[in-house]
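**Q** Residue numbers (this note's numbering), protein chains in the order written: chain Y, 190 to 388; chain B, 190 to 388.
In this text, a Cβ means the ideal position worked out from N, Cα and C, and glycines have one as well.
These numbers were taken from a predicted model, which means no experiment stands behind them.
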DNA sequence: GAAAAAAATGAACGGCGTTCAATTTTTTTG
DNA sequence: CAAAAAAATTGAACGCCGTTCATTTTTTTC
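(1) What is the DSSP secondary structure of residue 271 (chain Y), counted as helix, strand or coil?
(2) So, do the region 203-212 of chain Y and the region 228-247 of chain Y have three or more beta carbon pairs nearer to each other than 8 Å?
(3) For residue 348 (chain Y), report the span of its alpha helix (DSSP H) as first-last.
(4) Check the C-beta distance from residue 350 (chain Y) over to residue 350 (chain B) and give it rounded, since I have them as a contact under 8 Å.
(5) Name the chain Y residues that come within less than 7 Å of residue 356 (chain B), Cβ to Cβ?
(6) I need the DSSP call for residue 301 (chain B), collapsed to helix, strand or coil.
(7) How about residue 369 (chain Y): is its C-beta nearer than 8 Å to some C-beta of chain B?
(8) Report the rounded CA-to-CA distance for residue 197 (chain B) versus residue 345 (chain Y), giving the unit in angstroms.
(9) For residue 291 (chain B), go through chain Y and note every residue whose CB falls closer than 8 Å to its CB, in chain order.
(10) Out of B:380, B:385 and B:289, state which residue places its alpha-carbon closest to the alpha-carbon of residue 356 (chain B).
(11) So with Cβ pairs under 8 Å, would you call residue 253 (chain Y) a contact of chain B?
(12) For residue 296 (chain Y), count the other beta carbons within 10 Å of its own beta carbon; 16 or more makes it buried, fewer makes it exposed. Which is it?
(13) What does the Cβ neighbour count give for residue 307 (chain B), buried or exposed, with the cut at 16 atoms within 10 Å?
(14) DSSP three-state label for residue 327 (chain B), please.
(15) Residue ranges of each alpha helix (DSSP H) run of no fewer than 4 residues wholly in the region 241-287 of chain B, ordered along the chain?
(16) Any idea what DSSP makes of residue 378 (chain B), helix, strand or coil?
(17) I'd like to know if the region 226-240 of chain B and the region 250-267 of chain B are in contact, where contact means that at least 3 CB-CB pairs between them fall below 8 Å.
(18) Measure the CB-CB distance between residue 386 (chain B) and residue 381 (chain Y) and report whether it falls below 8 Å.
(19) Would you list, in chain order, the members of the region 207-222 of chain B that have their beta-carbon closer than 7 Å to a beta-carbon of chain Y?
(20) At a CB distance below 7 Å, what residues from the region 301-320 of chain B approach chain Y? Give them in sequence order.
(21) Compute the Euclidean distance between the alpha carbons of residue 278 (chain B) and residue 201 (chain Y), then round it to the nearest angstrom.
(22) Can you tell me the Cα-Cα spacing of residue 282 (chain B) and residue 375 (chain B), whole angstroms?
(23) How far does the alpha helix (DSSP H) with residue 233 (chain Y) in it reach, from first residue to last?
(24) Out of curiosity, what's the CA-to-CA distance linking residue 222 (chain Y) and residue 248 (chain Y)?
(25) Residue 343 (chain B) and residue 293 (chain B) - do their beta-carbons sit closer together than 8 Å?
(26) By Cβ distance below 8 Å, which residues in the same chain neighbour residue 341 (chain Y) in space, the five residues on each side in sequence not counted?
(27) I believe residue 218 (chain Y) touches residue 302 (chain B) by the beta-carbon criterion, under 8 Å. Please report the beta-carbon distance rounded to the nearest angstrom.
(28) Assuming residue 223 (chain B) is part of the alpha helix (DSSP H), what are its boundary residues?
(29) Please state the DSSP three-state secondary structure of residue 309 (chain Y).
(30) Please state if the CB of residue 323 (chain B) and the CB of residue 266 (chain B) are separated by a distance shorter than 8 Å.
(31) Could you work out which residue in B:224, B:348 and B:216 is closest to residue 203 (chain B) when comparing CA atoms only?
(32) Measuring CA to CA, which of B:368, B:280, B:199 and B:286 is closest to residue 235 (chain B)?
(33) Residue 326 (chain Y) versus chain B: which residues are under 8 Å apart at the beta carbon?
(34) Any beta carbon from chain Y within less than 8 Å of residue 381 (chain B)'s own beta carbon?
(35) By the three-class DSSP mapping on this structure, what secondary structure does residue 317 (chain Y) have?
(36) If you count every other CB in all the chains shown that lies within 10 Å of the CB of residue 317 (chain Y), and 16 or more means buried, which is it?
As structure tokens, this is what we get:
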């Protein structure tokens, strides 16, 4: 790798690092190009030599978050195969734990409003699809006769509803669940919903 | 009412009107103080004679949205008392219909990030609590032996999960349900969850 | 080592929410 | 009704922001 390409790659990584740190400590809304340039010791203009705009930089930080959630869910999956229903509950809990312990970082995934014309890169979409696959696997076990398309639909329903519960419970300004109640309710929701499906 | 107070009240109303219109057509993110001043024919500074800041103005527009959702849910409630379970499904559907048909307006309720120090007025919180009461009523019928605090908890769980499904399904950039599948899945979720509760 | 290409720089631009000194209008006072 | 006080209106100006670009510096090519 040429010297210039090396430096460019390092600046890219440094900027995403700095963005992650600032998002984690102060939230994505207060991310500033000038702060980032200071953090990594480059000029303001250099940021735009590496990224099209700040939105793209945020997307890279968000991709790392998606990867970390994927790891957390992989760990939580444990022995899903033995007990897929409790496995799904564990996945929901893991999602909540992540969001609860890294709220600002997690929020950046959904809070930051990208311009409507700004199309998201495919790897962000793929990162979300991979999360869904953690759900689809135990789901297919619970509903062995269900067609894959149906399993995908149910996985999205489960993810969306769990996400809603987590989101509102972590938001002080909306009528979400108190944090202490989230685990119980997540279990009731997941088990109840799938009992209703008892294919 | 004095002449001055009248004019101030009119300007207040006009500005909220203009904000609603702009939010509905272009989204809360592109709301501009200068545009609003033009819309209602006042000067830039006059806005700040009526509202502390734009956030407060948006909160008033959002409050109107909450009121409209309350109306929609009141209508949807129909004869909840006859069939509370289907009543709850109807409430979920009504919420989805509203969000689907007035997406930008509905999104402004949750999208706009108010400064963390900026405390929300109590009437916004109350507006949300009123929505919950539409859910609590049929819920108490379905679970006659449940304590009110428990019913409140379940109502929040239901609202949060329905909200999550609606939110992600209306967002092109996340892995939500396709719109066509939302109604079915909402019914399955509500019924399944409550079946799991079968007191 | 000279020419060409690439990267880095930071001042400058345009747009934003908000402020404020100056002005006009309304209300109160005598 | 006039004069004084209070309130509202105004728009230029401030400070901050993301982004651009002419210029300078560094790296690569031959």
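**A** Put simply:
(1) coil
(2) yes
(3) 337-358
(4) 3 Å
(5) 353
(6) coil
(7) no
(8) 48 Å
(9) By Cβ distance, chain Y contributes nothing, its closest Cβ being about 17 Å from residue 291 (chain B), past 8 Å.
(10) B:289
(11) no
(12) buried
(13) exposed
(14) helix
(15) 243-266
(16) helix
(17) no
(18) yes
(19) 218
(20) 302, 309, 317 and 318
(21) 49 Å
(22) 7 Å
(23) 233-239
(24) 14 Å
(25) no
(26) 321 and 325
(27) 5 Å
(28) 222-229
(29) coil
(30) yes
(31) B:224
(32) B:199
(33) What residue 326 (chain Y) touches in chain B: nothing, since even the nearest Cβ is about 16 Å away.
(34) yes
(35) helix
(36) buried
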